[in-house]
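Residue numbers (our numbering), protein chains in the order written: chain C, 657 to 1144; chain V, 372 to 837. Every residue gets a Cβ at the ideal spot worked out from N, C-alpha and C, and that includes glycine. See below for the structure under consideration.
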Amino acid sequence: MTAAEGARTTKVAGVARTTGAAATSSTAASRQGPLDLTLSFVDEDTVRSTAGAASDPDWLLADRLAGLRAFEALPIETNQLYTTYVDLRNARLAETRPRLGPSGPAAKIATAAKLLPEGAAGYAEIGDDRVTALVLAPEARDAGVVLDTLAGLGARDPEWLRRLLEGGCTLPENDKLAQLNRALWTNGLVLHVPDGVRLERPVVLRWSIGSPGSAVLSRSVISVGEDAEVSVVEEQVASAGSIGADPSGPQSFFAGTTEVRLGPGSTLSFAGLQDFAISQVAFQHRSAVLERGASIRWALAHLGARIIRSRIDNTLEGDGSSVEQAEIVFGSSDQLFDLTSYTRHLGRDTTGNLLSKAALADRSRAYMKGLATIDKPAHGTDSFLGEFAMLLSKQARSVAIPSLEIDQPDCRRVAHASSVGPIDETQLFYLESRGIDPDDARKFIVLGYLEPVVARVPLQGAQDRLRELLEAKWDARTGARPASVAVA
Amino acid sequence: MATSPQIVSGEYKFGFHDEVEYLEQTKRGLTRETVEEISRIKDEPKWMLDFRLRAYEHFLSRPMPTWGGDLLQIDLDKIVYYRKPSEGEEKSWDDVPEKIKKTFERLGIPEAERKFLSGVGAQYDSEVVYHSVREELSKIGVVFMGTDQGLKEYPELFRKYFATVVPPEDNKFAALNSAVWSGGSFVYVPKGVEVPLPLQAYFRINAENTGQFERTLIIVDEGAKVHYIEGCTAPIYTTDALHAAVVEVIALPGSKVRYTTIQNWSNDVYNLVTKRAHAHAHSTVEWIDANTGSRLTMKYPSIYLRGEGATAEVISVAVAGKGQHQDTGAKAIHLAPNTRSRIISKSISKDGGRTTYRGQLKVVPGATGVVASVRCDALLLDEGSRSDTYPYIDIQEDDTTMTHEATVGKISQDQVFYLMSRGLTENEATNLVVQGFLEVFTKELPMEYAIEFNRLVKLEMEGSLG
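This is the structure in structure tokens:
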């Protein structure tokens, strides 16, 4: 895995250097505004054929069409705080198309217990066109945990599916891209943990996608019952067909939404590792609605893809609910990471602790946009928002917009902080004075800087893999080693 | 929080207004003819008329900003864009019309002038009516006059720098100001000259529905030093007034400029101001900016650090009471290596008022060795008040050290309790805590201003306590 990843990122970094020149000479790369989204498949026919292929009930088709209308009406960014920091110029998605997988017996989903990763209580695998595997460990199945496709749930309990999806449910109404998924999702998962069930081992969701020209639109729901507890590891990796893809060649498109509902007193730990190919453009939405005393812990690592546009909505409705969110970015070549997070405090004594950290090499860019809103009823709120960046090259760019909107003065704490700088010279000096090679010292500092997310990944294997990926990416970034060291 | 009956909350304390006979004024509303008429009355050179018309066209084509405060209540057709209260510039106090003089006396200007002022540029509505520069300032070559007069007397210097810092295309209200500007101060400090006392200008809006579009241009030559102070009070009106000013500061290499503002417009004024400075090599520019008045203020004093080693500092204070929205902040744009900036913002919201910090910190590629810090603290004094913070931090150079911190909170009850245990009343204790919160600003003011400002804050605070 390490060697393969290393080879891939090396190639990516090498090729990426030429893309600027390629784009200007290519006739295909016509002038595109930063806000232009060049999808060609989004129309009523596609919505109807998608619904037809899935044999959707009438309410679902109506809901998809409502999503389509919202998509058509909305601008790419509705928040004026952020519009100037949207840049989709490198997204060339006109050729991408959703692929409908085989239906009927050919669409058989693997369920063999041997597919279950070590230490996991459940496993789902999603490919470019469909869900390919679904496995639950016996203890999870016996406790009533549900891990299924949305289609599977619809066949089993149509009313439940309707409750989960209808009206766009918890998808942000003002978000064009979330409404795109509402209109055109073709696959999706549901994970349900019943009241009182505490799963000790995590559920692993693995996405393996990115064939050139493919468009994958998915919608997933995680619901955790009262006093239940579960952890999820979501791994998003490049499918075999996209590894080593030419960054100036055809791109692939991924749009995914995950809606989380947390019942009273429940807990979810969600670790996301994203390492798509450089030919991938990915839009992600994650939203969580928390009832009384519920808590969620997000630990998200963004490594791959050409453009990542991610949005997280945390709604702390219940008294005493809390969110702890840690996001890291490790960017190289000309990757663009556009991360937004909205945290809304509604209940009493809620806690928000949000941290974003970016280490940016080459010409990579990160936009870290965060907004904590404290509404009138939210007495006793504790809110912290931190956005930090480490710039590892002259061409890297970091934008931080940690914002606050406060309507209730009776807070325990409301603060935000941000800093940007190069690698700390005093730390470097300290490590070098201990006899550590300068490039190793830099590596240790950068990996240490990103460690807060790594340490939060609940599954040992996934945690190790993330460390390996970060290390491989460090070694592979453009112009990593000074010539003298490389020769030695 | 209930307001005690003996304290008049929200009423403007300096809100008197006199009947003044205006000699010349334009019709209500803005047309191409209005712009041409203003230029004709002022007998301006052709280039300035062309400039005004270009700005007017841009103003028309530019949409109203939809961010920030609520601008929909401004009725641009009701505004008188130019009025001229008396003939030309007055050289001595005796020549100032009696009614206008009386207004200034209530503000305490004549006394202050002899004691502290090195010059007075008092703006009565749209024209500078009284202006004196002390003899010693003239001797050392310092120019301090009305902007209209500056255009006439120093045409080359004026044209070289005018609108180079804030072009009319910068924003809708800068375009409006560029089209109809009138009055303001023109300051030139020659090479190596340090102005020993602050230059002060008092601005007033008078008469209902008068727009105030002053335009200030300050040029500080190499190695020179100046402190400019602007304080505003305005009479109370029944309908909305608009103040759209542009201030341009050019700090040439090695110079030092401090610009202090105490903004206390009455609570019906829309205060939409573009203030920007160019800081050249090794110069220092400081904006010291307090906003306590107005219905809505949108103002973000900016510094473009264009030369190596330049330094920028912005200290800003905003107090928003009932019906007020202070949408203020600061911008530091680092365009050159080894430049430094420090932004400190303090805000207080009370009685349903709203404060917004909106700031930008930008470091462009090649601006190495930048050190920048932003600190925002907000106090929310009661339920129903609101505080927002929107900092934009855009760093495109790895060799940058940037820190940003913000906090929002209420008054520490521990501190109030401690002070009360020493014999202070709750009001006095709370006042003291607020004054401590604002001290980083107050201590930068000249003494008489600091006293006045503390008094002002105390008056503002009393409205919310009781």
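Bounding residues of the alpha helix (DSSP H) (the contiguous stretch that carries residue i)
| i | result |
| --- | --- |
| V/V564 | Taken as a continuous stretch (DSSP letters only), V/V564 belongs to no alpha helix (DSSP H), as it is neither H nor E. |
| V/Y427 | 417–432 |
| V/M791 | 784–792 |
| V/N542 | Run containing V/N542: none; DSSP gives neither H nor E here. |
| V/S410 | 403–412 |
| V/N635 | Per DSSP, V/N635 belongs to no alpha helix (DSSP H); it is in the beta strand (DSSP E), 627–635. |
| C/E1081 | 1081–1089 |
| C/A807 | 806–812 |
| C/V1113 | Careful: C/V1113 lies outside any alpha helix (DSSP H) and carries neither H nor E. |
Minimum C-alpha distance to residue i - residue among the options
| i | options | result |
| --- | --- | --- |
| V/D759 | V/Y532, V/T699, V/I714, V/F529 | V/T699 |
| C/S951 | C/I963, C/E885, C/G928 | C/E885 |
| C/T826 | C/F1044, C/P920, C/S879 | C/S879 |
| V/A681 | V/W658, V/H649, V/N638, V/H696 | V/H649 |
| C/R745 | C/D784, C/E1124, C/Q907, C/L972 | C/Q907 |
| C/V1110 | C/L1122, C/G1117, C/K1099 | C/L1122 |
| V/P569 | V/I674, V/M818, V/R729 | V/M818 |
| C/A1022 | C/Y779, C/L918, C/K1013, C/I1030 | C/K1013 |
| V/Q695 | V/A707, V/G678, V/L795, V/G664 | V/G664 |
| C/T971 | C/R1019, C/E891, C/S989, C/I1030 | C/I1030 |
| V/L401 | V/K413, V/L431, V/P416, V/K531 | V/L431 |
| V/I782 | V/M435, V/E754, V/I764 | V/E754 |
| V/L816 | V/P736, V/E657, V/V406 | V/E657 |
| C/L691 | C/R965, C/F1040, C/I1101 | C/R965 |
| C/L995 | C/E947, C/E980, C/I1057, C/R1090 | C/I1057 |
| C/L833 | C/A780, C/F909, C/A896 | C/F909 |
| V/Q786 | V/S673, V/K693, V/E799 | V/E799 |
DSSP state of residue i mapped onto helix, strand, coil
| i | result |
| --- | --- |
| C/T665 | Legend: pLDDT at C/T665 = 32, less than 50; position of this residue unreliable, no value from coordinates given. |
| C/H1072 | strand |
| C/A799 | coil |
| C/D969 | strand |
| V/R713 | strand |
| C/K764 | coil |
| C/F932 | coil |
| V/F574 | With a pLDDT of 43 at V/F574, under the threshold of 50, the modelled position of that residue is not reliable, and the figure given next carries that caveat. Strand at V/F574. |
| V/Y728 | strand |
| V/S489 | Residue confidence for V/S489 is low, a pLDDT of 30 falling below 50, so the modelled location carries little weight; the figure read from the coordinates is stated next. It is coil, neither helix nor strand. |
| C/A769 | helix |
| C/S977 | coil |
| C/E700 | helix |
| C/A1056 | strand |
| V/Y640 | It should be pointed out that residue 640 of chain V corresponds to Val in this sequence rather than to Tyr. If DSSP states are grouped into helix, strand and coil, V/V640 belongs with the strands. |
| V/Q697 | strand |
| V/S654 | coil |
| V/T587 | strand |
| V/Y820 | helix |
| C/S898 | helix |
| C/T739 | helix |
First and last residue of the uninterrupted beta strand (DSSP E) at residue i
| i | result |
| --- | --- |
| C/S997 | 992–1001 |
| C/S989 | From DSSP, C/S989 is part of no beta strand (DSSP E); its letter is neither H nor E. |
| V/S665 | Looking at the DSSP string, V/S665 is not in any beta strand (DSSP E), and its letter there is neither H nor E. |
| C/L790 | 787–792 |
| C/R953 | 951–958 |
| C/A726 | First-last for C/A726: 714–729, but that is the alpha helix (DSSP H), not the beta strand (DSSP E). |
| V/F515 | 514–517 |
| C/T914 | 908–918 |
message: Please give the ranges of any beta strand (DSSP E) in the region 1014–1052 of chain C, keeping only runs that are unbroken, at least 3 residues long and fully inside the region.
response: The region 1014–1052 of chain C contains these whole beta strand (DSSP E) runs: 1021–1030, 1037–1047.
- request: Could you tell me whether the region 766–779 of chain V touches the region 1074–1090 of chain C, using the rule of 3 or more Cβ pairs below 8 Å?
  value: Contact holds between the region 766–779 of chain V and the region 1074–1090 of chain C, because three or more Cβ pairs, one in each stretch, are under 8 Å apart.
Within the region 814–891 of chain C, ranges of the alpha helix (DSSP H) (whole runs, at least 4 residues): Taking only runs of at least 4 residues, the alpha helix (DSSP H) segments lying wholly in the region 814–891 of chain C are 814–821, 832–840.
query: Would you say the region 886–893 of chain C touches the region 915–930 of chain C, given that touching needs at least three Cβ pairs under 8 Å?
result: The region 886–893 of chain C is in contact with the region 915–930 of chain C.
message: Does the region 773–791 of chain V come into contact with the region 1080–1095 of chain C, if we say contact requires no fewer than three beta-carbon pairs (one atom in each stretch) closer than 8 Å?
response: The region 773–791 of chain V is not in contact with the region 1080–1095 of chain C.
query: At a cut of 8 Å, does the region 1030–1043 of chain C reach the region 997–1014 of chain C through at least three beta carbon pairs?
result: Inter-segment contact for the region 1030–1043 of chain C and the region 997–1014 of chain C is present: three or more beta-carbon pairs are separated by less than 8 Å.
field: Segment contact flag, the region 1065–1074 of chain C with the region 1094–1112 of chain C, C-beta cutoff 8 Å, min 3 pairs
entry: The region 1065–1074 of chain C is not in contact with the region 1094–1112 of chain C.
message: At 4 residues or longer, what runs of the alpha helix (DSSP H) sit wholly inside the region 730–808 of chain V?
response: Taking 4 residues as the minimum length, the alpha helix (DSSP H) runs contained wholly in the region 730–808 of chain V are 784–792, 797–808, in order along the chain.
- prompt: Between the region 943–959 of chain C and the region 836–843 of chain C, are three or more C-beta pairs nearer than 8 Å?
  reply: Output reads no: the region 836–843 of chain C does not touch the region 943–959 of chain C.
message: Does the contact criterion of 3 or more C-beta pairs under 8 Å hold for the region 844–860 of chain C versus the region 732–750 of chain C?
response: Taking 8 Å as the limit for Cβ pairs, the verdict is that the region 732–750 of chain C does not touch the region 844–860 of chain C.
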